[in-house]
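Novice: Take this structure, written in structure tokens, and hold onto it; I'll ask about it next.
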Amino acid sequence: MTGLHSFLRELPAVDRLLQEPVLAELAGRMPRRLVLTAAQETLQAYRQKIICDHDKAGSLAAGGLDLSPAALAREAAALARCRARPGLRPVINATGVVLHTNLGRAPLAAAAVEAVTGVMEQYCNLEIDLEDGERGSRQVHLEGLLCDLSGAEAAVVVNNNAAAVFLALNSCAAGKEVIVSRGELVEIGGSFRLPEVMAASGVRLVEVGTTNKTYRRDYEAAIKESTAALMKVHTSNYHLVGFTASVSAADLVALARARNLLALEDLGSGLLFDPARYGLPPEPRVQDSIAAGMDLVTFSGDKLLGGPQAGIIVGRRELVEKIRTNQLARVMRVGKLTVAALEATLRLSLDEEKAVEAIPAWRALTAPLTRLRERAEALAGPLKESFGEEGVGLWEGSSRVGGGALPTAELPTVLISLQAPRLESTGLAERLRSGEPPVLARLQQESLLFDLRTVYPEQDALLLQAILDAAAEA
Ligand SMILES: *Cc1c(COP(=O)(O)O)cnc(C)c1O
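In terms of this note's numbering, the sequence shown opens at residue 104 and continues consecutively.
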């Protein structure tokens, strides 16, 4: 007991701790309360440590518990610095997953960033018609471009695609039934489950067919007086292979027309470009669905469109008008920053050749293998100096599109592998994540893998430095 009390007494008071130069200096640079809280929390943590370990109290000091004000102040300073950093900040994505939902999906093109900055710093004509000075709609900045790119009559943009699906169903089919194939009842990222979104929107889901096969006659047999629509959902994060059958957009539209029903399609990813041109597997494009006759088509702004988070609905004018005047549209409306970023991204998309260069997600998707290899080789040299010849390898591998798009696409890539038994890969991965900038890599058994496809070429030097720093810290 005496050991415990004497150790507790050894802890300096908060005021004493704050006099340590490292903390005094920090308090001049950041809100004092951050430094004070960090000092209090550090002392509390040590008090706890001493109490928990009090059986072994006699050996606490021997166990390396340094209770000097200088040592505690260093810890408090590290905590305060950590707290003073913004919570949300840029990271280097070396995972090779191009549209990584947890890493913010699509990074914006420079033109989109510029557009956002412009309307952020100043007033803008978000909802005013500059010709007559009358109140306008924020949607006009987007609708023309969306119609042009998709071939649709009308368009409306909401907060995300889940909202777009919800709003489309609620506006056009509430209280009625919507028929969907069992093979298309998707769950995206855990939080979007089609059956649940449909239920919440007030429509009754009628499932037809089986998991692997659904025919036109299955839809046909399920049509009743209370049916409002036939809906097709793109299986954007999985792919049925083998003994399968589904009804094409055109066939679904033909059936809907014949029975005076709506044909709806949730595309998910919002592809506008021809995937075959870039060696990517087939994926339905927005303009194909519209051309097939779909009455409403929904998709995300931050998947293959490569823009900001948004949900886009394109289709027939009178339906879009219903959606726009739905009270809930106000709940899900987009802010001016989204309008600016999306408008700029759509403008870029008018010229496909330029767009695949300017939109980061497309630049990553279309990065030539030879270039990825050159960059990986350039980093491997200096890494070998730190990790040794055996510690660094260049592997053939594949990147993924991610974010609920092109689930089967395997994009050939070159991976830098680091085997660092001394450092232990998980430990190194942890230090990379907590560095500045944080780096996210792929952990595979004993190796840490870096895929440069998702690293901006101008970040290569920064990435190298981050890895060397993380290794030196060990
Ligand atoms: C991604 C996706 C959604 C959800 O879109 P969010 O923009 O993430 O809300 C809905 N449906 C499909 C088919 C999707 O792929």
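Ideal Cβ placement from N, Cα and C applies to all residues, glycine included. Since we're looking at a predicted model, the values are computed, not measured.
Starting from Glu527, follow the alpha helix (DSSP H) in both directions and report where the run begins and ends.
Specialist: Locating residue 527 in the sequence shown gives position 424, where the first residue counts as 1. Premise fails: Glu527 is in no alpha helix (DSSP H) and is neither H nor E.
Novice: How close, in whole Å, do the beta carbons of Thr330 and Glu280 come, if the pair is a contact with beta carbons under 8 Å?
Specialist: Counting from 1 along the sequence shown, the entry for residue 330 is found at position 227. Counting from 1 along the sequence shown, the entry for residue 280 is found at position 177. Contact holds; Cβ gap of about 5 Å.
Novice: Flag this pair as yes or no: are the beta carbons of Ala180 and Leu126 separated by less than 8 Å?
Specialist: To locate residue 180, count along the sequence shown from 1; it is residue 77. To locate residue 126, count along the sequence shown from 1; it is residue 23. The answer is yes: Cβ separation under 8 Å.
Novice: So, are the CB atoms of Pro510 and Ser392 less than 8 Å apart?
Specialist: Along the sequence shown, one-based indexing puts residue 510 at 407. Along the sequence shown, one-based indexing puts residue 392 at 289. Not closer than 8 Å, so no.
Novice: Is there contact between the region 254-270 and the region 424-440, where contact requires at least three CB pairs shorter than 8 Å?
Specialist: yes
Novice: Would you mind stating whether Leu111 and Arg135 have Cβ atoms separated by less than 8 Å?
Specialist: Here residue 111 corresponds to residue number 8 of the sequence shown, with the count starting at 1. Here residue 135 corresponds to residue number 32 of the sequence shown, with the count starting at 1. For Leu111 and Arg135, no; Cβs fall outside 8 Å.
Novice: Put Pro387 into one of helix, strand or coil per three-state DSSP.
Specialist: Here residue 387 refers to the residue found at position 284 of the sequence shown. Coil.
Novice: Can you check DSSP and say which residues form a bridge with Met334?
Specialist: Numbered from 1 along the sequence shown, position 231 holds the residue referred to as residue 334. Listed as beta-bridge partners of Met334 by DSSP are Val283, Leu367.
Novice: Can you name, in chain order, every residue of its own chain whose Cβ lies under 6 Å from the Cβ of Ala512, other than the five neighbours on each side?
Specialist: Here residue 512 is taken as the residue at index 409 of the sequence shown, counted from 1. Leu383, Pro384, Val504, listed in sequence order.
Novice: Given 7 Å as the limit, tell me if Ala265 has its C-beta closer than that to any heavy atom belonging to ligand 1.
Specialist: For the purposes of this step, residue 265 is taken as residue 162 along the sequence shown, with counting starting at 1. Correct: Ala265 has its Cβ closer than 7 Å to ligand 1.
Novice: Could you tell me if Ala379 is buried or exposed, where buried requires 16 or more neighbouring beta carbons within 10 angstroms of its beta carbon?
Specialist: For the purposes of this step, residue 379 is taken as the residue at position 276 of the sequence shown. Ala379 comes out exposed.
Novice: Secondary structure at Gln122, three-state DSSP: helix, strand or coil?
Specialist: On the sequence shown, residue 122 is found 19 positions in, with the first residue counted as 1. It is coil, neither helix nor strand.
Novice: Would you identify the three-state DSSP class for Val344, choosing helix, strand or coil?
Specialist: The residue given as residue 344 occupies position 241 in the sequence shown. Coil at Val344, not helix or strand.
Novice: Keeping to the same chain, check which residues put their C-beta closer than 7 Å to that of Gly506; ignore five residues upstream and five downstream.
Specialist: Looking up residue 506 in the sequence shown gives position 403. These residues qualify, in order along the chain: Leu202, His203, Thr204, Arg208, Lys406.
Novice: Does at least one heavy atom of ligand 1 sit under 7 Å from the Cβ of Ala369?
Specialist: Walking along the sequence shown from the start, residue 369 turns up at place 266. A small correction: the amino acid at residue 369 is Asp; Ala does not occupy that position in the sequence shown. Checking the Cβ of Asp369 against ligand 1 gives yes.
Novice: Starting from the Cα of Gly494, find the closest Cα among Pro540, Val542, Gly538, Leu551 and give me that residue.
Specialist: One-based indexing of the sequence shown puts residue 494 at position 391. Measuring from the Cα of Gly494, the nearest candidate turns out to be Leu551.
Novice: Our contact map puts Arg556 next to Leu514 with C-beta atoms below 8 Å; I'd like the distance itself, whole angstroms only.
Specialist: In the sequence shown, residue 556 corresponds to position 453, counting from 1. In the sequence shown, residue 514 corresponds to position 411, counting from 1. Contact flag correct, Cβ pair sits at about 7 Å.
Novice: Roughly how many angstroms lie between the CA atoms of Glu237 and Asn228, to the nearest whole one?
Specialist: Position 134 of the sequence shown, counted from the start, is the residue given in the question as residue 237. Position 125 of the sequence shown, counted from the start, is the residue given in the question as residue 228. Roughly 11 Å between the two C-alpha positions.
Novice: Which same chain residues, not among the five before or five after Ala165, have their C-beta less than 8 Å away from its C-beta?
Specialist: Counting from 1 along the sequence shown, the entry for residue 165 is found at position 62. Residue placement at Ala165 is flagged as unreliable, the pLDDT there being 45, under the threshold of 50; the coordinate-derived value follows with that caveat. No residues qualify anywhere along the chain.
Novice: To which residues of the same chain is Glu386 closer than 6 Å at the C-beta, ignoring the five residues directly before and after it?
Specialist: Here the question's residue 386 lines up with position 283 in the sequence shown. The answer, listed in chain order, is Leu374, Pro378, Leu509.
Novice: Using 8 Å as the cut-off, can you tell me whether the region 319-330 makes contact with the region 352-367, which would need three or more C-beta pairs spanning the two stretches below that distance?
Specialist: yes
Novice: If I measure Cβ to Cβ from His108 and keep anything under 7 Å in the same chain, skipping five residues before and after, which residues do I get?
Specialist: The residue you call residue 108 lines up with position 5 of the sequence shown. Once the five neighbours on either side are set aside, His108 has no close Cβ partner at all.
Novice: Among Val459, Gly414, Leu566, whose alpha-carbon lies nearest the alpha-carbon of Leu445?
Specialist: Counted from its first residue, the sequence shown places residue 445 at position 342. Answer by Cα proximity: Gly414.
Novice: Pull up the distance between the alpha-carbon of Leu408 and that of Gly278, whole angstroms please.
Specialist: For the purposes of this step, residue 408 is identified with residue 305 of the sequence shown, where counting begins at 1. For the purposes of this step, residue 278 is identified with residue 175 of the sequence shown, where counting begins at 1. Cα to Cα, Leu408 sits roughly 33 Å from Gly278.
Novice: Where do the ends of the beta strand (DSSP E) carrying Val558 lie?
Specialist: Indexing the sequence shown from 1 puts residue 558 at position 455. First-last for Val558: undefined, no H or E at that position.
Novice: Examine ligand 1 and report whether any of its heavy atoms sits within less than 7 Å of the Cβ of His244.
Specialist: Against the sequence shown, residue 244 aligns to sequence position 141. Because no heavy atom of ligand 1 lies under 7 Å away, the Cβ of His244 does not count as near it: no.
Novice: Within 7 Å: the Cβ of Val336 and any heavy atom of ligand 1?
Specialist: Indexing the sequence shown from 1 puts residue 336 at position 233. Yes, Cβ of Val336 sits closer than 7 Å to a heavy atom of ligand 1.
Novice: Are the beta-carbon atoms belonging to Asn273 and Ser294 less than 8 Å from one another?
Specialist: Numbered from its first residue, the sequence shown carries residue 273 at position 170. Numbered from its first residue, the sequence shown carries residue 294 at position 191. Going by C-beta atoms, Asn273 is not nearer than 8 Å to Ser294.
Novice: Hey, how far is the Cα of Ala213 from the Cα of Asn196?
Specialist: For the purposes of this step, residue 213 is taken as the residue at position 110 of the sequence shown. For the purposes of this step, residue 196 is taken as the residue at position 93 of the sequence shown. Their Cα atoms are separated by approximately 18 Å.
Novice: Sorry if obvious, but does the Cβ on Lys487 come closer than 7 Å to a heavy atom of ligand 1?
Specialist: For this step, residue 487 is matched to residue 384 along the sequence shown. Not under cutoff, so the answer is no.
Novice: Using a threshold of 7 Å, is the CB atom of Ile462 nearer than that to any non-hydrogen atom of ligand 1?
Specialist: By one-based count along the sequence shown, residue 462 stands at place 359. The answer is no for Ile462.
Novice: With DSSP as the reference, label Lys406 as helix, strand or coil.
Specialist: Along the sequence shown, read from residue 1 onward, the residue named residue 406 stands at position 303. DSSP places Lys406 in coil when its eight states are reduced to three.
Novice: DSSP state of Gln547, grouped into three classes?
Specialist: The residue given as residue 547 occupies position 444 in the sequence shown. Looking at Gln547 - three-state DSSP - the assignment turns out to be strand.
Novice: Rounded to a whole number of angstroms, what is the C-alpha to C-alpha distance between Ala395 and Val311?
Specialist: Stepping through the sequence shown from its first residue, residue 395 is reached at position 292. Stepping through the sequence shown from its first residue, residue 311 is reached at position 208. Their Cα atoms are separated by approximately 22 Å.
Novice: Among the residues of its own chain, which have a CB less than 7 Å from the CB of Arg478, if the five just before and after it don't count?
Specialist: Taking the sequence shown and counting its residues from 1, the one referred to as residue 478 is at position 375. Contacts found: Leu555, Pro560, Asp563.
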